[in-house]
Amino acid sequence: MTKRLSRVLPVLAAAVLLLAGAQAPPQDSEHAPVGILEGSALDRLKVTRADLRTAEPNPSIRYNGIARFLDRMRTVVTGTLDDSTNAMPKAIDAMDTYGIKATIAVSTQGNVIEQLWPRLRAAVDNGHEIGSHSRRHQCQWPDTEAFCRAAYSRDEMEGSRDDILAHTSQRYVWTWVYPCGNCAGYELIHRRLNLAGYLVARNYPDETHGGHLVPDLQSWAADPYNAAFTQSVQKQGGIAPAGRTDVALLNAKFDQVHPPQTGTPGTGRGAAAGRPPDGGIYQFMTHPSLLDFGPEQFFEKHLAYIAGRPDVWYVPTGPLYAYQIVRENTVVTPLGPKDGWERFAVHHNLDPKIYDNAVTLTFAIPAAAKVEVRAGGKAVPDKTSKLTDRWNVEYARRDGNALLVTIRPNTVVELKETK
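Heads up, the sequence shown is in this note's numbering, so the first residue is 4 and it goes up one at a time.
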């Protein structure tokens, strides 16, 4: 049992206590994933003990694990756009122009939300995510536990989630974005968000002193319910002492997360032979009301710099954090060969309605070999897109002596060498 799964029972117990109005026992900052299914994933796949592999592995088709990022990309780029304002459609349009995916955080009872829903529906269809920014966007400086208890009601957390599901085709709401950054430090609020089904909650730290400008997170947050980001991309506004609009500084921060290949290939952190060093997760945030739009303005100049890179995965924040959970909880079980096919059961016990993510299996196969790939008995197509900008699409591609198979788990993957 993984460490994450081992925490399911305490969280469920806390849920019972909170729903009953009792004080939940203290929890640490690591939470179990939402949506655990009972029973055996192998049983659901109808895999029996007799199907398990007993022979030695085929040396020509060797399974090498699950890639860190989808399609073995070096770096992730994800953005968040905050607030239900008239500027939001222009910001989404700019993201679409450069092919960058965003979590669009809206307050679902805001002044202009009814005018925004059509554009938000189109954004979902184009691979963006709608995140909750509450219903009424309540703020207080400084926040207090009493304020947070009152502001983070079920109506705000579950109601805003349900509003998004009712007005768009999005199948789940993975992300919460703290209004004004308030209440992100209270474990009570983390537990409530967890019970409401959110997988990640993005903060906005210490706006008064400029702490929100460069929180400098370059990976997944250790506590997903108090998740920072890499940097802000916006003008000064509100109570903030400054903005961050210098394009050279913005681009340099991205370069820290996505290091260029230098020196001898195959050296550096995470590098394999002939591959540049691994990057991290570059997450920027902005308030569209604090932007100027157009290709000569700072926002779009930065988007143009980070866009169109074939070794970057462009994905919204919620599906990115869902991917982390799926990757950690997916098991690949070798099965006995059948009719010349090498077979692997790929499975987890996560609810596919929440976790519809694909993962990338890596196989070591000589570059000269031709291989057919099936998943669930159907051929897996070759990747045709030049960019990696979805989280749930299935395909395969060759990368030298590696075969990368991107599939949604809870299936049987089969590989066969062909003449």
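We put the beta carbon where it would ideally sit given N, CA and C, even for glycine.
Nearest-angstrom Cα distance between Thr106 and Glu59? Each residue's alpha carbon lies about 46 Å from the other.
So who's on the other strand from Thr435, going by DSSP bridges? No information on residue 435 is available, as it lies outside the stretch 4 to 422 that the chain covers here.
Just confirm the distance between the C-beta atoms of Thr333 and Ile39, as a whole number of angstroms; I'd bet it's less than 8 Å. The Cβ separation is near 14 Å, so there is no contact.
Report the option in Val376, Asp392, Val415 and Asn352 whose CA atom is closest to the CA atom of Val1. Absent from the model: residue 1. The displayed extent of the chain is 4 to 422, so no value can be given.
How many Å lie between Gln141 and Asn114 at the Cα? Roughly 14 Å between the two C-alpha positions.
C-alpha distance - Glu159 paired with Leu198, whole-angstrom precision: Between the alpha carbons of Glu159 and Leu198 lies a gap of roughly 13 Å.
Selection from Asp281, Thr336 and Ala255 that minimises the alpha carbon distance to Val79: Out of Asp281, Thr336 and Ala255, Asp281 has the C-alpha closest to the C-alpha of Val79.
Using alpha carbons as the reference points, say which of Lys386, Glu210, Ala231 and Tyr66 lies closest to Gln239. Of the candidates Lys386, Glu210, Ala231 and Tyr66, Glu210 places its Cα closest to the Cα of Gln239.
For His193, I'd like the list of residues in its chain whose CB is within less than 6 Å of its CB, leaving aside the five on either flank, ordered along the chain. Only Tyr228 meet the Cβ criterion.
Kindly indicate which residue of Val236, Glu331 and His350 has the alpha-carbon position closest to the one of Gln300. Relative to the Cα of Gln300, the nearest Cα in the group Val236, Glu331 and His350 belongs to Val236.
Which residue from Ala382, Gln221 and Ile133 puts its Cα closest to that of Thr111? Taking each of Ala382, Gln221 and Ile133 in turn and checking the Cα distance to Thr111, the smallest one comes out for Ile133.
Counterpart residues of Phe347 in DSSP-defined beta bridges: In the DSSP output, where bridge partners are listed per residue, Phe347 has Pro337 and Val416.
Pair every Cβ in the segment 327 to 341 with every Cβ in the segment 401 to 408, then say whether three or more of these pairs are closer than 8 Å. With a cut-off of 8 Å on Cβ pairs, the segment 327 to 341 is not in contact with the segment 401 to 408, counting fewer than three such pairs.
Integer Cβ distance of Thr178 from Gly321, believed to fall under 8 Å: The Cβ separation is near 4 Å, so the contact holds.
Would you mind sorting Ala126 into buried or exposed? The rule is 16 or more other CB atoms within 10 Å of its CB. Flag for Ala126 reads buried.
How would you label Leu216, buried or exposed, when you count the other beta carbons within 10 angstroms and need 16 or more for buried? Classification of Leu216: buried, given that the 10 Å Cβ count is 16 or more.
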